[in-house]
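Take 852 as the starting number for the sequence shown in the numbering used here and just add one per residue. For reference, the structure discussed in these notes is given below.
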Amino acid sequence: MQPHLFTIDVEDWFHILDIDGAPPLERWDSLPNHVEDGFRRLLSLLDEAGVRATCFFLGWVGARYKHLVREAVAAGHEIASHGHVHRLIYTQTAGEFYEDVRRAKEILEDAGGQEVRGYRAPGFSLVAKTPWALEQIARAGYRYDTSIFPGTRGHGGLPGAPLVPYRVDTPAGALVEIPISVVSALGRRLCFSGGGYLRLLPIRVVERLAQRVRASGRPVMYYVHPRELSPDHPRVPMGAVRRFKSYVNLRGTEAKVRRLLATGPFVTLQEWIDSDAGRRVLDRAA
């Protein structure tokens, strides 16, 4: 049976995508910080459960809160990249995207003192109109990517993408792609393992869907954000539907994460890639 993968997108409450009311980059330095509180709560839960996670830091966060990167490293967690300033891939040129992911990698390696091998795009925004993205990720020196949402979602997704992790060859080098965990139901591919999906669904439903994924020979990859563990953070003005998706059940996140962390075993993404279980999946997908 495949292990679980627990991941954290280390960003703050104002790093909300596609919202006109979201604070612009030039204001970020002046805004109240909740990333420290939420991230440290997550580190405490992970320590309590004896679980190592993969932490996808924004370069912007890593530059301003280097101590958080170092605390994660000291606790045995893997440091990975969420890009520098939380921009959707498809809003950038290939050159702009390369510079963003290169800069984030450099900042995080300097802060944490370890190689940063993994990348995850904001909003899982690797889509059909960005065929150059994987090449730029490899060109920047990453070894694996987890930016593909193999279904339809607000920021695009790739509905026909493989569900299982697989190797990708690009002109700049090879990558391992680990898509987000989804299940097929009602003629669609549905996510359950992070964000509003995880907060909205009852925990027993999440656990049953996770069992389906593992029974198919795939690892389950969960993802959370520090703001979800710091529920009193300020709210960004937005429409009713998006507000519901962004803020539903925030106060229940901590208990849900604690229960999920007890369902192990868990490994980091790089540990999974290097493991016999990971190699078997990747070899079958080749």
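Every residue gets a Cβ at the ideal spot worked out from N, C-alpha and C, and that includes glycine.
What residue from the options has the CA that sits closest to residue i's CA?
i, options, result
"residue 922", "880, 968, 861 and 957", "861"
"residue 1034", "941, 1046, 1001 and 1055", "1001"
"residue 892", "913, 1081, 1026 and 875", "1081"
"residue 989", "1010, 1094, 952 and 979", "952"
"residue 1134", "936, 984 and 1016", "1016"
"residue 1124", "977, 871 and 905", "905"
"residue 1119", "882, 931, 878 and 916", "931"
"residue 1007", "1014, 998 and 1013", "998"
"residue 1090", "867, 979 and 1010", "867"
"residue 1025", "980, 852, 855 and 991", "991"
"residue 1018", "864, 854, 1065 and 1131", "1131"
"residue 890", "1009, 936, 1079 and 915", "1079"
In terms of DSSP beta bridges, what is residue i paired with?
i, result
"residue 1024", "1021"
"residue 996", "970 and 1028"
"residue 1007", "1004"
Three-state secondary structure (DSSP) at residue i?
i, result
"residue 867", "coil"
"residue 1033", "strand"
"residue 975", "helix"
"residue 858", "strand"
"residue 890", "helix"
"residue 816", "The chain is shown only over 852 to 1137; residue 816 falls outside these bounds and no answer can be derived."
"residue 1104", "helix"
"residue 1014", "coil"
Ranges of the beta strand (DSSP E) found wholly within the segment 1055–1082, counting only runs of at least 3: 1071–1075
So does the segment 896–907 actually touch the segment 1112–1120, counting three or more Cβ pairs closer than 8 Å? yes
Sequence ranges, alpha helix (DSSP H) only - wholly within the segment 916–964, length at least 4: 917–925 and 945–963
Is the segment 923–931 touching the segment 954–964, taking contact as three or more C-beta pairs under 8 Å? yes
So does the segment 1046–1053 actually touch the segment 1100–1110, counting three or more Cβ pairs closer than 8 Å? yes
For the 8 Å Cβ check, are there 3 or more pairs between the segment 1022–1041 and the segment 1081–1096? no
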